[in-house]
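Asks:
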Amino acid sequence: EDAASLLPPSWHQLQLNEAAVPSWQEEDDDDDAVCKLPQEFKSRPSPFTCNILHEMSLDPTNIVQILGCGSHFCIFELQDSLGNSVAFKTPRVDGSRHEWPDEYLPRVRTETLIMDQLSSSPFILGLFANCGQAKIVPKGSHGCLYDQFLLRRTNRQDVFSPETRLRIGYQLVQAVVDLHGPGPIPRMFHNDLCHSQFIFINGVYKLNDFDLANMTYFDEEGIPCKEVPVDMGSDWIKDRAPEELPYPSTVPVMRYKLDVWSLGNVLFNTLTRRNPFSNFKTNVVQKALLQGKTTAFPDEFYDSEHIEDHAMVTAIRMAWTHDPDERPTAQQIADVLHDALVEIGSKPDKDGVYRVSIPPLPKGYEFDLHSDDNY
């Protein structure tokens, strides 16, 4: 597709769209509502920095390539006036969608607020600029976690040492720890964790794409409210937590508990180079998950002599706890991985971050969002 055809017609449209993004108070002004958003979020304005966006040109010569398109957004690589590459995220407005559905406007606001709230975390993708429905964020240097996962498998060799896998696993879990925040009840959750959501920048896999993320709502007694899971489609059943099944589920759940289960899937990808239940049909997987069964680990990890591998297996099993009420927090899983890093004598950088070095993507490699292996 022509990159320019996927972009909004002008920055002026972006500014007009800013007015279409409702405030927190407009959405949550029902005094009779049982579940409400904490005041700390309702009173926080969305950070708009349109000037930075206006300083950049959407001239086709500055659009290096399309990095990827989802159902509602596209991401492009742009070059600023100094030749630096950044990622530009904007609603998809191609021939099949001339207008953006109103129900997706709150997602823009939510994503912006969450990214701004987590700007101090080294494990969350930063936000350079935001204007209306468009964002400029850092561009990854080595693709996403899925890219390395696929390359490691197709090349039939694992270029990651056990320590590197453990360090990456710890990064992934720490991202969710920072997202959920301190305390027993997470205030925010991602709702769409998978291996394509972690972008590699400066030695760290950073959590990205908060389109489906949200804040936890509470009742008058301060008890978190359950919500019906987002309908991801039947193709996603292999990645769903047991409480989200049978599909489509109409039973309210604690969505932040789903993040922890999904962490188990991403850690499994990192350790084994495989997707959970990759060789099973969807109906078989659904039945197995409802019965409390999980995908098997390759024998090499049961017999491994590496502390790192056993720690990863333990963390994955913790995340895959069937009963959501018994499922541990992301912080408890992070503690297991950190203890293993300390035990093997692995040292973090001066800022306390366990960074990794990975090989660059092969020349000409392209991320295929619609690959059957992707999800």
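When the count follows our numbering, it moves up by one through the sequence shown with no breaks and lands on 426 for the last residue. We put the CB at the ideal spot given by N, CA and C, even for glycine.
Is it buried or exposed for Gly191, if we count other Cβ within 10 angstroms and need 16 for buried?
Replies: By the neighbour-count rule (16 or more Cβ atoms within 10 Å), Gly191 is buried.
Asks: Just to confirm my understanding: we take Tyr405, look at its own chain, exclude 5 residues before and 5 after, and list those with CB closer than 6 Å. What are they?
Replies: So the list reads Arg218, Tyr221, Pro399, once near-sequence residues are dropped.
Asks: The alpha helix (DSSP H) that contains Ser212, what's its start and end?
Replies: No alpha helix (DSSP H) contains Ser212, which DSSP labels as neither H nor E.
Asks: Helix, strand or coil for Asp53 per DSSP?
Replies: Here Asp53 scores only 49 on pLDDT, less than 50, and its place in the model should not be relied on; the value that follows carries that caveat. Note: Asp53 maps to coil in three-state DSSP.
Asks: What are the residues that DSSP puts in a beta bridge with Ile175?
Replies: Its beta-bridge partners are Leu258.
Asks: Below 7 Å CB to CB, which residues in the same chain sit around Arg143 once its five sequence neighbours on both sides are set aside?
Replies: Hits under 7 Å: Leu57, Cys120, His123, Phe124, Cys125.
Asks: Going by alpha carbons, who is nearest to Cys86 out of Ala339, Asp270, Leu156?
Replies: Closest by alpha carbon: Asp270.
Asks: What did DSSP end up calling Val115 once you bin it into helix, strand or coil?
Replies: Strand.
Asks: Could you give the C-beta distance for Cys195 and Ile250, rounded to a whole number, given that I count them as a contact under 8 Å?
Replies: Right, the Cβ-Cβ distance comes to about 5 Å (below 8 Å), so this counts as a contact.
Asks: Which residue wins for smallest C-alpha separation from Arg378, given the options Cys101, Ile114, Val311?
Replies: Arg378 has its Cα closest to that of Val311, out of Cys101, Ile114, Val311.
Asks: Suppose you measure from the CA of Pro413 to the CA of Val407; what does that come to, to the nearest Å?
Replies: For Pro413 and Val407, the distance between alpha carbons rounds to 18 Å.
Asks: Short check: CB of Arg306 to CB of Asn242, under 7 Å?
Replies: Cβ atoms of Arg306 and Asn242: closer than 7 Å.
Asks: Given this structure, state the Cα-to-Cα distance separating Ala385 from Gly403, to the nearest angstrom.
Replies: C-alpha separation (whole angstroms): 14 Å.
Asks: Assuming contact is defined by CB atoms lying nearer than 7 Å, are Leu388 and Ala370 in contact in what I supplied?
Replies: No.
Asks: Give the DSSP-derived three-state secondary structure of Gln382 in the structure shown.
Replies: Reduced to three states, the DSSP call for Gln382 is helix.
Asks: Where does Glu359 land, buried or exposed, given buried means 16+ other C-beta within 10 angstroms?
Replies: It is buried - the Cβ of Glu359 has at least 16 other Cβ atoms within 10 Å.
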